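Residue numbers (our numbering), protein chains in the order written: chain C, -3 to 141; chain Y, 13 to 157.
Every residue, glycine too, gets a C-beta built ideally from N, C-alpha and C.
What you are looking at is a predicted structure, and each value in this text was computed from that prediction instead of being measured.
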């Protein structure tokens, strides 16, 4: 049952990305081109998503479990640190280079775009590199303890 | 600032945003999970026992979206993604997006949609950083270089 809901949520999310224009890199770049010929459409995507999300998360914060009794996995981190800022800047730079963020890249790959598959392969390598770097940096600290 | 009226799609983008918001709402309320693509995908690199099923079910849903969208969407709303970046740029962008989203703990969905919906100051900072970097890179590529 849970697996079916997860599948359907992924499907709904993907349909939203396609309908909104997020899965079209040229449109994303048109939005990011604030000082050129600016297409504000993607601000409407955020507005629509947050207008719904704000109620859902207000309700979620007041619950200790989901409707099906699972634990609520709400993020606990509150610190605004170098990782958050630097990571987000690096992500934004990559987003601006090709017009893909992770969700839309996966959707475009699934629609058969070979170029999206190249991006996704590099993105997965980037994610793996982050994991390796974390383990490499964690090792001397753990040994010193 | 010039508005690109020719590509402006407020209604489709708003409707798509609402679908994205509904997906995020369903995920937190029914599964107790934050809908963040980079985290869901990154958690599979490598997969851990007992923590992989929900991630795979969700991603299979995302991958199925283009097929269903192709059947459902009227002709006017069917757009093939326009990917202008060449292979080198796609690889560079993918690496930056993969590294940055993992280091910064989120992307457009996790920080942008869910984080802003739950009024997280941390996610607001992340969103301002990646949007700012995206605007800056597109400005540099299109108007300076």
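8 Å Cβ shell around residue i - same chain, five flanking residues per side excluded
i            : result
residue 34/C : 26 and 27
residue 94/C : 21 and 115
residue 57/C : 70
residue 97/Y : 105
residue 45/C : 12
Any C-beta of chain C under 8 Å from that of residue i
i             : result
residue 16/Y  : yes
residue 60/Y  : no
residue 87/Y  : no
residue 156/Y : no
is_contact[residue i, chain Y] using C-beta, thresh 8 Å
i             : result
residue 128/C : no
residue 134/C : no
residue 79/C  : yes
Partner residues on chain C for residue i, Cβ-Cβ distance less than 7 Å
i             : result
residue 102/Y : 94, 111, 114, 115 and 118
residue 22/Y  : 37 and 40
residue 34/Y  : 8 and 48
Unbroken alpha helix (DSSP H) run spanning residue i, endpoints
i             : result
residue 56/C  : 37 to 57
residue 19/C  : Unbroken run through residue 19/C: none, as it is neither H nor E.
residue 147/Y : 133 to 151
residue 42/Y  : Here residue 42/Y belongs to no alpha helix (DSSP H), and DSSP marks it neither H nor E.
residue 113/Y : 99 to 115
residue 66/Y  : 65 to 84
residue 13/Y  : No alpha helix (DSSP H) contains residue 13/Y, which DSSP labels as neither H nor E.
residue 53/Y  : 49 to 54
residue 87/C  : 78 to 94
residue 118/Y : Element bounds for residue 118/Y: n/a, residue is neither H nor E.
Proximal residues of chain Y, C-beta to C-beta of residue i below 8 Å
i             : result
residue 226/C : Missing from the structure shown is residue 226/C; chain C here goes from -3 to 141 and no further.
Residues near residue i by beta carbon distance below 7 Å, same chain, minus five either side
i             : result
residue 123/Y : 135, 138 and 139
residue 105/C : 112, 113 and 116
residue 70/Y  : 52
residue 60/Y  : none
residue 89/Y  : 24
residue 15/C  : none
Where residue i meets chain Y, residues with beta-carbon distance less than 9 Å
i            : result
residue 72/C : Correct list: empty, because the minimum Cβ distance to chain Y is about 10 Å.
Other residues of its chain near residue i: CB distance less than 6 Å, five sequence neighbours each side excluded
i            : result
residue 96/C : 21 and 115
residue 23/C : 17
Closer than 7 Å: residue i CB and nearest the ligand SAH heavy atom
i            : result
residue 38/C : The ligand content of the structure shown is nil, which means the ligand SAH is not present either.
Pair every Cβ in the segment 92 to 107 of chain Y with every Cβ in the segment 66 to 79 of chain Y, then say whether three or more of these pairs are closer than 8 Å. Verdict: no, contact absent.
Taking three-plus beta-carbon pairs below 8 Å as touching, is the segment 45 to 64 of chain C in contact with the segment 20 to 35 of chain Y? With the rule of 3 Cβ pairs closer than 8 Å, the segment 45 to 64 of chain C counts as touching the segment 20 to 35 of chain Y.
Spell out a yes or no on whether the segment 76 to 89 of chain C and the segment 88 to 95 of chain Y are touching, meaning 3 or more CB-CB pairs, one atom from each, closer than 8 Å. no
How about the segment 61 to 76 of chain C and the segment 45 to 52 of chain Y: do they share at least three Cβ pairs that are nearer than 8 Å? Taking 8 Å as the limit for Cβ pairs, the verdict is that the segment 45 to 52 of chain Y does touch the segment 61 to 76 of chain C.
When you compare the segment 114 to 131 of chain C with the segment 111 to 126 of chain Y, are there three or more beta-carbon pairs, one atom per stretch, that lie closer than 8 Å? yes
Would you check if the segment 54 to 64 of chain C and the segment 52 to 64 of chain Y touch, i.e. whether three or more CB-CB distances between them fall below 8 Å? no
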